[in-house]
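What follows is a single structure, written as structure tokens, with notes after it.
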Amino acid sequence: MIILITGGAGFLGGSLASILSLQIKTIITYSTSPVNQNGHFILLHLDITDKKKVEDLFCRYRPDVIIHTAAIANAAICENNKQYACSVNVCGVENIAIAAEKVNARLIYISTDNVFSGNKKFYAEEDGAEPSCFYGRTKLDGENIVISVCSDYCIARISLVYGISANLSKCFAEKIMIDLMNNKEVELFIDEYRSPIYLNNLCDILMELALCKEFQGLYHICGSKRVSRYEFGLKMAEIFHFSNELIVPISISEVDFRYYRPADCSMINLKVSKLLKTRIWSLDEGLLHMKVLSEEYDQ
Ligand SMILES: NC(=O)c1ccc[n+]([C@@H]2O[C@H](COP(=O)([O-])OP(=O)(O)OC[C@H]3O[C@@H](n4cnc5c(N)ncnc54)[C@H](OP(=O)(O)O)[C@@H]3O)[C@@H](O)[C@H]2O)c1
Numbered sequence: 000m001i002i003l004i005t006g007g008a009g010f011l012g013g014s015l016a017s018i019l020s021l022q023i024k025t026i027i028t029y030s031t032s033p034v035n036q037n038g039h040f041i042l043l044h045l046d047i048t049d050k051k052k053v054e055d056l057f058c059r060y061r062p063d064v065i066i067h068t069a070a071i072a073n074a075a076i077c078e079n080n081k082q083y084a085c086s087v088n089v090c091g092v093e094n095i096a097i098a099a100e101k102v103n104a105r106l107i108y109i110s111t112d113n114v115f116s117g118n119k120k121f122y123a124e125e126d127g128a129e130p131s132c133f134y135g136r137t138k139l140d141g142e143n144i145v146i147s148v149c150s151d152y153c154i155a156r157i158s159l160v161y162g163i164s165a166n167l168s169k170c171f172a173e174k175i176m177i178d179l180m181n182n183k184e185v186e187l188f189i190d191e192y193r194s195p196i197y198l199n200n201l202c203d204i205l206m207e208l209a210l211c212k213e214f215q216g217l218y219h220i221c222g223s224k225r226v227s228r229y230e231f232g233l234k235m236a237e238i239f240h241f242s243n244e245l246i247v248p249i250s251i252s253e254v255d256f257r258y259y260r261p262a263d264c265s266m267i268n269l270k271v272s273k274l275l276k277t278r279i280w281s282l283d284e285g286l287l288h289m290k291v292l293s294e295e296y297d298q
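Numbering-wise, numbering that gives the first Met the number 0 puts 207 at position 208 of the sequence shown, and it's gapless, one number per residue.
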């Protein structure tokens, strides 16, 4: 069994690589950023926009499963450079899907809660995706390509991920943690809702999805709690024993983003929970684990 993970220098790809490579023969690919972590994986360069290189690499290494995390995951970058976003998030996915099919590999495509408009709450798989931001549009196009090209696939629509990165990339929760540690105030939205999922728990879930062919089609992989970013910050302050006075409530309307941010992309995880052996952790459990890991790295 060989698993290939794209986006190995990224926040999710890096953690997946360090967790999966302990148990399975793992290949990770990177693009421009250096991979600054050690592991038992094979490390290869791959620009997913290069169709021929993707095909050549897949034919040479013949992975059984591909977990495709590589993307332009920053909504502002997607909005400001639509062509670039499409080349990676749409054409790149097409290259991966076609090459995966060619070598009969199973494809796990990482998508996002940003495929929803954000005007509702607790989105389920059967709710129609209607992206209101360009990033979400490109990721939904990617989903549709996977559906039309692949015969063995799983689309994991994930929510906001928090945890300690295995490499240099930093998630929003780590940035909050660092600011609070330095006694700096953090402004967080009271009106942007998500169902955050803990990074290590997500990696275990994705491994189960990768290895178990019973999972076919679309799944929402998210935490069970719907919280605003502000509520998330307050919970972090409580668990990490920081002063909650450093968490400053603000509204999305107070910031000029120049692009639309979907307000409520909270999802429900009922469909996947019924099949998973891995338990989805609560927000308290995830943050407590994150605190323990952050203390280990401090020492
Ligand atoms: N993090 C979240 O909260 C979250 C939430 C929902 C969905 N997602 C989805 O989860 C996936 C991983 O997100 P992330 O947070 O780990 O993002 P990330 O840290 O930005 O990692 C994305 C990776 O994609 C790589 N990449 C970009 N262009 C590439 C190209 N042309 N060829 C090959 N690799 C390329 C980047 O490599 P370089 O740096 O070398 O360019 C980077 O390592 C994405 O698909 C994202 O849409 C993430």
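Glycine is no exception: its CB is placed at the ideal position from the N, C-alpha and C atoms. The structure presented is a predicted model; accordingly, all values stated were derived computationally and were not measured.
> Bridge partners of TYR218, per DSSP?
Replying inline: Position 219 of the sequence shown, counted from the first residue, corresponds to residue 218. ALA155, per the DSSP bridge assignment.
>> Closest to GLU253 by C-alpha separation, out of ILE189, SER265 and PHE241, would be which residue?
In response: Against the sequence shown, residue 253 aligns to sequence position 254. Nearest option by C-alpha distance: ILE189.
> So ARG136 and GLU191 are in contact, right, with Cβ under 8 Å, and what is the actual spacing, rounded?
Replying inline: Counting from 1 along the sequence shown, the entry for residue 136 is found at position 137. Counting from 1 along the sequence shown, the entry for residue 191 is found at position 192. At roughly 19 Å, the Cβ-Cβ gap does not stay under 8 Å, so ARG136 and GLU191 are not in contact.
>> If you reduce the DSSP assignment to three classes, tell me which class THR111 lands in.
In response: Start at 1 with the first residue of the sequence shown, and residue 111 comes out as number 112. Of the three classes helix, strand and coil, the one that applies to THR111 here is strand, per DSSP.
>> Quick check: what's the CA-CA separation for THR111 versus PHE241?
In response: In the sequence shown, the residue the question calls residue 111 occupies position 112. In the sequence shown, the residue the question calls residue 241 occupies position 242. Cα to Cα, THR111 sits roughly 30 Å from PHE241.
> Within 8 Å: the Cβ of PHE57 and any heavy atom of ligand 1?
Replying inline: For the purposes of this step, residue 57 is identified with residue 58 of the sequence shown, where counting begins at 1. Not so, every heavy atom of ligand 1 lies at least 8 Å from the Cβ.
> Who are the near neighbours of GLY232 in its chain, counting only those whose CB is closer than 7 Å to its CB and skipping five residues on each side?
Replying inline: In the sequence shown, counting from the first residue as 1, residue 232 sits at position 233. So the qualifying residues of the chain are ILE175, VAL185, LEU187 and ILE246.
>> Would GLY117 and CYS264 be called neighbours here (beta carbons separated by less than 9 Å)?
In response: The count along the sequence shown starts at 1 and reaches residue 117 at position 118. The count along the sequence shown starts at 1 and reaches residue 264 at position 265. For GLY117 and CYS264, yes; Cβs fall inside 9 Å.
> Looking at C-alpha atoms only, which residue of LEU292, PHE10 and VAL145 is the closest neighbour of ARG105?
Replying inline: Stepping through the sequence shown from its first residue, residue 105 is reached at position 106. Taking only the C-alpha atoms, the option nearest ARG105 is VAL145.
> So what's HIS288 in DSSP terms, helix, strand or just coil?
Replying inline: Along the sequence shown, one-based indexing puts residue 288 at 289. HIS288: helix per DSSP, three-state reduction.
> Do VAL271 and ligand 1 come close, with the Cβ less than 8 Å from some heavy atom?
Replying inline: The count along the sequence shown starts at 1 and reaches residue 271 at position 272. Because no heavy atom of ligand 1 lies under 8 Å away, the Cβ of VAL271 does not count as near it: no.
> Among ASP140, SER293, MET206 and GLU207, which has the Cα closest to the Cα of ALA70?
Replying inline: The sequence position of residue 70 within the sequence shown is 71, counting from 1. Nearest C-alpha to ALA70: ASP140.
> ARG193 to VAL226, Cα distance in whole Å?
Replying inline: Translated into the one-based positions of the sequence shown, residue 193 becomes position 194. Translated into the one-based positions of the sequence shown, residue 226 becomes position 227. Near 6 Å, if we compare the C-alpha coordinates of VAL226 and ARG193.
>> List, from N- to C-terminal side, the beta strand (DSSP E) runs of 3 residues or more that fit wholly inside the region 204-275.
In response: 216-220 and 246-249
> At which residue ranges does the region 115-201 contain complete alpha helix (DSSP H) runs of 4 or more residues, listed in the order of the chain?
Replying inline: 133-148 and 171-180
> Measuring CA to CA, which of LEU167, ILE249 and ASN243 is closest to TYR296?
Replying inline: Stepping through the sequence shown from its first residue, residue 296 is reached at position 297. Nearest option by C-alpha distance: LEU167.
> Taking contact to mean at least 3 C-beta pairs separated by less than 8 Å, is the region 31-50 in contact with the region 87-105?
Replying inline: yes
> Comparing alpha-carbon positions, which option in ASN268, GLU173, ASP203 and LEU286 lies nearest GLU124?
Replying inline: Residue numbering aside, residue 124 sits at position 125 when the sequence shown is read from its first letter. Of ASN268, GLU173, ASP203 and LEU286, the residue nearest in Cα terms is ASN268.
> Could you give the residue range of the alpha helix (DSSP H) that holds VAL53?
Replying inline: In the sequence shown, residue 53 corresponds to position 54, counting from 1. Counting along the chain, the alpha helix (DSSP H) containing VAL53 begins and ends at 50-60.
>> Strictly under 9 Å for the Cβ-Cβ distance: is SER131 near chain B by that measure?
In response: No chain B appears in this structure, which consists of one protein chain only.
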